[in-house]
Each structure stands twice: as structure tokens, then as C-alpha cells.
Amino acid sequence: LAGRVGSAMAAELGTMRVTEQIDALACMGANPIYYLVVPRLLACLLLIPVLTIMADFMGVFGGHTFSVYVFQIDFHHYWSNSADYVMNFDIFSGLAKSLFFGATIALVACYQGFYCGAGAEGVGRAATASFVYSFVIILVLDLVMNVQLEALYKTLWPDQARLL
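Just so you know, we're using our numbering here: the sequence shown kicks off at 421 and counts up by one.
Written out as C-alpha cells, the structure reads:
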């Protein structure tokens with residue numbers, strides 16, 4: 421998503437900057453941040469967790485289909501083992517991380533697009549920089565959040581050992 425969504429946002433805002441549409445909004449008395457950045461941020465905050473839920477369901481049912489029809493694993497055995505290994509906290513942590521990743525993608529892309537260089541080259545550089553910065557920030561954020569969420573899990577449920 422950082423590549424597709426973030427680059428598209430940066431390119432769109434960069435094109436608006438180059439063609440002076442953002443300056444025109446400011447001249448009309450409108451705040452460009454409220455009109456251009458906030459809707460993109462809200463869209464990423466709301467829809468990336470929805471995409472995460474959809475991807476989780478598709479992964480579980482894809483794993484079920486593959487396990488049952490290719491490896492001939494019993495239907496009930498698959499679901500009982502899946503329920504044993506997937507905890508509610510795992511689902512919560514995945515959704516929490518997707519919120520932060522969505523905010524990162526939107527904020528980095530909007531910043532890069534809003535402050536891009538002049539011309540088509542500046543727009544291209546902003547789109548590329550948006551992807552690279554988002555990707556690196558998401559990797560670091562994933563590491564930090566994994567450590568913090570694991571510590572939270574061990575604090576809340578010290579008796580339960582993680583299976584993996």
C-alpha cells in the first residue's frame with residue numbers, strides 16, 4: 421500500500437503544487453491542509469484496517485482451502501488448531517499496527533506531495549521518496565510496535581506462554 425497508495429497521493433498533491441492549485445486554495449481563504457490532507461489521512465486510517473481484516477479472512481480461508489484439498493487435512497482439525505494458535509490479542513495487535521501504518525503512509529505521502537520540487541521531475545521524486553520513506557518508517561514502526569505489544573501481552577497475561 422505504501423507503494424501504490426502513498427505514491428499516488430504524493431503524485432496527486434505534487435501535481436497540484438506544481439500547477440499552483442494548492443496556492444489557489446490558499447488565496448481563496450481555504451486551508452489546503454483541511455481540504456487535501458485530512459480526507460486522505462482519514463481514508464487511510466479507516467480503510468487500511470478494513471483491508472487488513474479482509475486480507476486476514478482471505479488468508480485464513482485460503483489456508484483452509486489449501487490444507488483441506490491439497491494436504492487432505494480434516495476440516496475440523498484445521499479449525500480447531502487455528503483457534504488454538506490464533507489469539508484475540510494477535511488480531512488486536514494486527515489491527516492496531518494497521519492504523520499506525522495507514523497514518524504513516526498518508527502523512528508521509530501528503531508531506532512529500534505538498535512540498536515537492538518544481539516540474540514533473542519534482543513530482544516523480546516526491547512519489548519515489550514517499551514510497552521509500554514510508555517503507556522504512558513502517559519497518560521501524562513494525563519493530564517498535566512488536567516489542568511494545570509483546571511487552572503489553574506479557575504484562576497483561578504473564579501466565580500464558582506464547583506458542584510461537
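Ideal Cβ positions, reconstructed from N, Cα and C, are used throughout, including at glycine.
Q) Quick one: what's got a C-beta closer than 8 Å to M436's C-beta in the same chain, skipping five residues either side? A) Along the sequence shown, one-based indexing puts residue 436 at 16. Setting aside the 5 residues that flank it on each side, M436 is surrounded in the same chain by I442, L456 and G533, each with a C-beta closer than 8 Å to its C-beta; the list follows chain order.
**Q.** Touching by the beta-carbon criterion (3+ pairs, under 8 Å), the region 505-525 and the region 456-465
**A.** Because the criterion of three Cβ pairs below 8 Å is met, the region 505-525 and the region 456-465 touch.
Q: Would you kindly report the start and end of the unbroken alpha helix (DSSP H) that includes I557?
A: Reading the sequence shown from its first residue, position 137 is the one you call residue 557. Under the DSSP assignment, I557 falls in the alpha helix (DSSP H) whose first and last residues are G539 to L576.
Q.
Rounded to whole angstroms, what is the Cα-Cα separation between V488 and F509?
A. To locate residue 488, count along the sequence shown from 1; it is residue 68. To locate residue 509, count along the sequence shown from 1; it is residue 89. Whole-angstrom Cα-Cα distance: 26 Å.
Q | Contact the region 469-476 vs the region 559-575: 3+ CB pairs below 8 Å | A | Counting Cβ pairs under 8 Å, fewer than three are found: no touch.
(Q) Count Cβ pairs between the region 425-432 and the region 536-552 that sit closer than 8 Å; are there 3 or more? (A) Contact between the region 425-432 and the region 536-552 is present, because at least three Cβ pairs lie under 8 Å.
**Q.** Alpha carbon of D476 to alpha carbon of I453, nearest angstrom
**A.** Working through the sequence shown from its first residue, we reach residue 476 at position 56. Working through the sequence shown from its first residue, we reach residue 453 at position 33. One C-alpha to the other measures close to 33 Å.
Q: Report the rounded CA-to-CA distance for L445 versus G434, giving the unit in angstroms.
A: Residue numbering aside, residue 445 sits at position 25 when the sequence shown is read from its first letter. Residue numbering aside, residue 434 sits at position 14 when the sequence shown is read from its first letter. Going by C-alpha positions, L445 is about 14 Å away from G434.
Q | Distance, S500 Cα to I511 Cα | A | By one-based count along the sequence shown, residue 511 stands at place 91. By one-based count along the sequence shown, residue 500 stands at place 80. One Cα belongs to I511, the other to S500, and the distance between them is close to 17 Å.
Q | Whole-angstrom distance between D494 and A526, CA atom to CA atom | A | Within the sequence shown, the letter at position 106 stands for residue 526. Within the sequence shown, the letter at position 74 stands for residue 494. In a straight line, the C-alpha of A526 is about 43 Å away from that of D494.
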